[in-house]
Each structure stands twice: as C-alpha cells, then as structure tokens.
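K.L.:
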Amino acid sequence: EPPDTPKDFSCQTQDMKKVTCTWRKEETYLYGRNSPKYTLSKTSSQKTALCKASCSNQCSCSWDIGQQQIWNVTVTVENPLGKKTATDVFDVKHRMYPTAPFHLWEDFTDTEMTLHWNNENTEVELFCQTEVVQPDGKVELHNSSVAGSRHVTVRGLRPHTEYTARVRCGAARHFWRWSEWSQPLITRTKEGTPSGKLDIWREITPVLGGRNVTLFWKQTPSFQANGKIISYEVTWEKIEDGSQPESISFSSVYNSTRIFLDNHSYRISVMAKNNVNFSLPSILIISRATDNSRKLLFCSFLGTEELKEGQVNGTDDGIFLSWEPRSIYDSYIIDWCNFPRLQPCDLQWKRFGPNISSAVISSAAFVPGVRYKFHIYGSVANRASLLEKKIGYLKELPPHLDPIVRKVDLTYNSVTLSWDSYLTNESEPGFVRGYHVYVSPIQGNCNLKGSKKHILSDESELCKYTIENPEEKRYTVKHLMPNTKYKIVVKAFTGGGETPIVNFRYIDTPYNSNMLYFIFLLVIVPTLVAAICHWKMKWVKEWCCPVIPSPNKSKVLSFKEFKMDSEKVLKINDCLPDMLAMDSNADAHKL
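Going by UniProt numbering, the sequence shown opens with residue 1, and the numbers climb by one from there.
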C-alpha cells in the first residue's frame, strides 16, 4: 500500500538545546528495500535532512536547535507506491517537555509533610504538581503555590500513617505538557496523641463482700491510635468518699482485666497510651450494690434468675433482637458470648443510639445449633442497667434425643402415653416447640380419625398427631381397633424439625370387654335359664301354669241331694249368707 500521512506528528524539547519530533509508524506491507523511508527536514529546504529517523513502534528524530527559536519542519514518508508529508510549525519555548523530577526527600510532622525535589531544567521556570496516595488508595493532587518552587507542603495528614508521593512538572509560562512522574517516595508521618476514646464494657459477678468486675476495651472506628499503642491505663476510685484512685497499667497485648470492688459505687476509666501521650479517658460508672444486687447473688446461688429470657429468631444475616425503648437512656448496649460453651467465652458488645430499638447481631463465630444469650442494657451518664435478656439460635437444629415414654395405658380402642419432661438446657440445638405422636397398625395403613398422614422414606404410612404445647407430658390416641398390634413413637420437634424415626414401641390392644359382656347376656344367660327350666320342668309348669280346679270335683257338691239329673246344683236357699245385696228393686221382685 502507499504510505498514509504521518499521524500524531509533533516536536518538543526537554532542555532548550535539542528538539525531538515523533510520529506514529504506519504499516504498508512492504519490506526490505521497499519499506517506507522517513526524512525530517526544514520545510523551506526539504532536500537537506535535519536528522536520521529511527522507528520501532513509534518513530522519532532529534537535532540540535542552536540559536534558532522558530521552526517549520516537514516529515516525509515514501515507498515505491507513493509519498506523503506532515508539517509542524512551533516556537521552541512553547514546546517545553521537562524531564521528570529526581532526588525526592521529605520533612514531616504528625499531620504535615513537606516534599522536596530537584530538576535538570534549572534555566526554565517550572510549575510542579504532587500526587499523594492515601492508605485507602484515595489519590490527592497538590499544586505548588509558587512557580519555580522545588517543594510543596501537604497538610491534613493522619499521624503515624504511610503515604506514597511523586512529583511531575511543566513549563510555568508556556505550558505544553507534564513531565513524566518522578520515582515514588514512601514515607510515614510522625506519631501523635491518640484521638477519640476506647470503647469499654464490663461484666459484673456478685460475690460475698462485693463484686468481681471484668473490664473489656477495644478500639472503635472513631478511635485513632495515631501511633503504636504501648499500654493501657485502668483507674478506679470510689465516688462517695473521694478516696485515692487506684490504677494499673497493662501491655498493649491485653484487652481485659478483672478487679474486685466492694459494694460502693465506683468510677472506672481506661486510657490508651502511645509514645506521645494518653488518649482521652473512657468512663464507666459501677453503681452501688443494692438489695436487688444481693437478691441477684442469692438467685445465682439458687440457680434462678429474676428476668425472664425471651426467645429470638435467627435470620440469614444474624440473630434479630428488639427491645422496648425508654426515653431516659442515651444509648443501649447489647453483649453476648461468641463461644458460650467455652471459658472464657469471648464476650462481645455493641452500642446503639437512643432512637434504635432493634438490631441484627452477626458474628463469624455464630454457628447453627448453638444457643446464644444476649443482655440488653440501657445507659445514661455512663451508668448501665440491665433491661432485658434474650436467647436464640442462628439456626435451630432437631433435638438430640426423643422423649422417654415411662407409662403406657391401654384400652381396647385407645392408648395413653406418658413421658418425662424434656430437658431444655443450653446444650439443646433448638427450642422444643412440642411433640409429634406417630401411630400405625403393623398390618395395613393408618386412617385414624383426627390424625394427619405422614409418609416415611420407605413409603410406609403413619398417623401423625401434633402437640404444640412443650409442657405437655401426656397424650391419648383414640379410635384404635381392639385386638390389634400397633407401632407407636413420640418425637420432640424444634424450629429445626425433628430427627428421623428409627425405633418404634409396639403395643397390642386387648379384646372389647363390653362386647364379651353383651355376648354373655345374649347367649349364655338364656342358655342357662333354658337348662334350668328343662331340669325343673314339673315345678316350672306348676308354678307358671297351675291346674284350674273343676267345680264338679268340689267336695261341697258331693252330697246326693244336691244332684239334679247329671249336674250338681247348689241351690241358693240352701246357703245362709251373711248379707244379701240386691242390685235393684226390679231384680228383687223378679227373684
């Protein structure tokens, strides 16, 4: 292909003595003696080359300018297929491209840094720019306030913090372009007084004669060590009598300590110290031990607690807590143990503002099946009061054990199961929500009234009854068939479900005694009566069907004079009645 016009053709100087022109190399697909040839010359005299061009990815050509300041140059590119040119007209003073600054050094305090450098272009007035890279990667640019100045002061830095700085310069009067960046300088500001306060908390354990107070402290995002923390200073003093304070210093590797306090109120302060000074004190007030405190000690000896523990639920992000806000408090504190089954349990705490009444507590240490305890405190004027207690799981798991059935009462159509109270201690992997009772005959499927169908992994069917009261310890399964073998099991369930059914208990329902009694009455008794009747037939006949006497056999009528023909007649005038009653006068006359 014939060559194109040279692209990006421009000329510049770095020392006001030599000019370098550059342009982009183009592909013509001709090589060897046919490859393109470049010539740089004055426009007015193109036959005389100013310099010999060299090309790799980019072409360049340099020559001494002498005393000439204004230049009009042309670059020519040609091959056997054609020729093209490009022209640049410039004043050397306007094409200053300084060399990169070198030999950087600094002066610094805890919050300021003055950066110094050298330049090769001492006869040209330069304007320089400094780039400062913060520890978080944020970049700040600072321009030198005076042209020709070889230093810049950067303020507002953080104490004892590492920064990376570099410098570039350009012509102050006729700016053409920035120089290359200098080599970076890595520096660190001096230490300063720690800013902010430590976040401190306590755990109070009542003991005889006073209290063991375990103090904890940590650095918050608002706390700046401004150096290397070398120690922590803990001071405590009685508030009532103004006695001399006691203090103790700890190495920076410690973040807790335990002290004994009597039943008076105390003011506790904790400060961090670096090589410069102490931080502001963090204050905690331990109130005077009251009768309630002693009552709590008594309750702890008995294993009881005054505040009832509320149950909370886990979410995908952590464990959700909510509490009733009180207007008297200026902040709330929640504490918990990351490892409640270990000692020490790694106590943690978090503070919340007065307008917050719920939070999601998250920790990388939280695992499913572990019960976590949370204490919610309200704080006012550095005095904290326990408000609520919560217990919960990140995720509940099925119970470890099944309830132990101690008693089985059978009838021909029901079974009553009684089991021990389920132990709901801290080792349980979830809150027991209730029980499931599963029943099925050995032969055939179960279709008991009032139950739900439950399918096992082997496709067998069970009848399922749900008891949603975890305090319940007794249940009666009704509508069973008499003289039938059943399998039965009681399972506890939590918010994480229940364990698979493995072992059944087998029972046999007895015969129906009422049916036997009915059969006895219906068959046995009539048969027995018939047998007795057959045995005493004559007596029964005489008792049940006595012989009616015939008047003709009466002895009274055995006399001859009473006979008329073949009949025996008793004439009424032969009788002497005690009294004669007539029905009516007509009947009397007739008689």
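Beta carbons are placed, not taken as given, at the ideal position from N, Cα and C, and that holds for glycine. Here the structure is a predicted model, which is why all the values come from computation and not from measurement.
For the beta strand (DSSP E) containing Val408, list its first residue and its last residue.
P.N.:
405-410 is the extent of the beta strand (DSSP E) around Val408.
K.L.:
What does a CB cutoff of less than 8 Å around Ala381 pick up in its chain, not counting 5 residues either side in sequence?
P.N.:
The residues are Ile285, Asp330.
K.L.:
Report buried or exposed for Met579, applying the criterion of at least 16 other Cβ atoms within 10 angstroms of its Cβ.
P.N.:
Burial call: exposed.
K.L.:
Do Gly318 and Ser363 have their C-beta atoms closer together than 9 Å?
P.N.:
Yes, the Cβ-Cβ distance between Gly318 and Ser363 is below 9 Å.
K.L.:
Could you have a look at Leu113 and say whether DSSP puts it in helix, strand or coil?
P.N.:
Checking the sequence shown, residue 113 turns out to be Met, not Leu. Looking at Met113 - three-state DSSP - the assignment turns out to be strand.
K.L.:
Kindly indicate which three-state DSSP category Val77 falls into: helix, strand or coil?
P.N.:
It is a strand residue.
K.L.:
When burial is assigned at 16 or more other CB atoms within 10 Å of the CB, is Val73 buried or exposed?
P.N.:
It counts as buried.
K.L.:
Measuring CB to CB, does Thr153 end up less than 9 Å from Glu191?
P.N.:
No.
K.L.:
By Cβ distance, which residues of its chain are closer than 7 Å to Ser421, with the 5 residues on each side in sequence left out?
P.N.:
For Ser421, where only same-chain residues beyond five positions count, the Cβ hits under 7 Å are Lys473.
K.L.:
Below 8 Å on the Cβ atoms is my guess for Leu480 versus Asn413; work out the distance and round it to an integer in Å.
P.N.:
That belief holds up - the Cβ atoms of Leu480 and Asn413 are roughly 5 Å apart, short of 8 Å.
K.L.:
Thinking C-beta only, is Ser252 closer than 9 Å to Arg341?
P.N.:
No, the Cβ-Cβ distance between Arg341 and Ser252 is not below 9 Å.
K.L.:
Whose C-alpha, out of Pro354, Tyr393, Glu246, Arg24, is nearest the C-alpha of Ala365?
P.N.:
For Ala365, the nearest C-alpha among the options comes from Tyr393.
K.L.:
Evaluate contact between the region 400-407 and the region 447-465, counting only Cβ atoms and requiring at least three cross-stretch pairs below 8 Å.
P.N.:
No: the two stretches stay apart, fewer than three of their Cβ pairs being nearer than 8 Å.
K.L.:
If contact is defined by three or more beta carbon pairs under 8 Å, each pair taking one atom from either stretch, is the region 100-108 in contact with the region 116-127?
P.N.:
Segments in contact, yes.
K.L.:
Leaving out the 5 sequence neighbours to the left and right, which residues in its chain are closer than 7 Å to Val490 when beta-carbon positions are compared?
P.N.:
So the list reads Asp402, Pro403, Val405, Leu417, Trp419, Tyr435, Val437, once near-sequence residues are dropped.
K.L.:
With 9 Å as the threshold, decide whether the Cβ of Pro526 is near any Cβ in chain B.
P.N.:
Absent from the structure: chain B. Only one protein chain is present.
K.L.:
So Thr22 and Gln68 are in contact, right, with Cβ under 8 Å, and what is the actual spacing, rounded?
P.N.:
So it is not a contact: roughly 20 Å between Cβ atoms.
K.L.:
What separation, rounded to the nearest whole angstrom, lies between the Cα atoms of Thr48 and Cys11?
P.N.:
Cα-Cα distance, rounded: 18 Å.
K.L.:
Just how far apart, CA to CA, sit Pro245 and Val139?
P.N.:
Rounded to whole angstroms, Pro245 to Val139 spans 48 Å at the Cα level.
K.L.:
Using the C-alpha atoms, what's the distance from Cys128 back to residue 638?
P.N.:
For the chain, the structure presents residues 1 to 591; residue 638 sits outside this window and is missing.
K.L.:
From Leu528, Leu280, Ala289, Val276, pick the residue whose C-alpha is nearest to that of Leu261; which is it?
P.N.:
Of the listed residues, the one whose Cα sits closest to Leu261 is Ala289.
K.L.:
Taking the straight line between their C-alpha atoms, what separation do you get for Ile230 and Phe250?
P.N.:
The alpha-carbon atoms of Ile230 and Phe250 are separated by roughly 9 Å.
K.L.:
Quickly, what does DSSP pair Asn143 with across the bridge? List them, please.
P.N.:
Gln129.
K.L.:
Since Arg258 and Thr214 are thought to touch, with beta carbons under 8 Å apart, how far apart are those beta carbons, to the nearest angstrom?
P.N.:
Between Thr214 and Arg258 the Cβ distance is about 5 Å, and since that is below 8 Å, they are a contact.
K.L.:
Return the first residue and the last residue of the beta strand (DSSP E) that Asp335 is part of.
P.N.:
Here the beta strand (DSSP E) through Asp335 covers 331-337.
K.L.:
Please report the residue range of the beta strand (DSSP E) in which Ser256 lies.
P.N.:
256-261 is the span of the beta strand (DSSP E), which, as asked, contains Ser256.
K.L.:
Excluding the five sequence neighbours on either side, which residues of its own chain have a C-beta within less than 8 Å of the C-beta of Asp346, listed in chain order?
P.N.:
The residues are Cys337, Asn338, Phe339, Ala365.
K.L.:
Where does Ala165 sit, in a helix, a strand or coil, going by DSSP?
P.N.:
If DSSP states are grouped into helix, strand and coil, Ala165 belongs with the strands.
K.L.:
Along the beta strand (DSSP E) that carries Cys61, what are the first and last residues, could you check?
P.N.:
Cys61 -> beta strand (DSSP E) spans 58-64.
K.L.:
Take residue 604 as the anchor and find which of Glu396, Tyr254, Trp323, Ser287 has the nearest alpha-carbon.
P.N.:
The first residue shown for the chain is 1 and the last is 591, placing residue 604 beyond what the model contains.
K.L.:
Compute the Euclidean distance between the alpha carbons of Lys389 and Thr109, then round it to the nearest angstrom.
P.N.:
Going from the Cα of Lys389 to the Cα of Thr109 covers about 50 Å.
K.L.:
Decide if the region 76-85 is in contact with the region 166-184; the criterion is three or more beta carbon pairs, one per stretch, under 8 Å apart.
P.N.:
Taking 8 Å as the limit for Cβ pairs, the verdict is that the region 166-184 does not touch the region 76-85.
K.L.:
Using a 10 Å radius around the Cβ and a threshold of 16 neighbouring Cβ atoms, would you call Arg202 buried or exposed?
P.N.:
The residue is buried, with at least 16 neighbouring Cβ atoms inside 10 Å.
K.L.:
Based on the DSSP output, what are the partners of residue 656 in its beta bridges?
P.N.:
Because residue 656 is not part of the residues shown, which for the chain are 1 to 591, the question remains open.
K.L.:
From the DSSP output, which residues share a beta bridge with Asn212?
P.N.:
Thr205, Phe260, per the DSSP bridge assignment.
K.L.:
Taking the alpha-carbon of Tyr38 as reference, which of Thr5, Ile65, Ser287 has the nearest alpha-carbon?
P.N.:
Among Thr5, Ile65, Ser287, the Cα nearest to that of Tyr38 is on Thr5.
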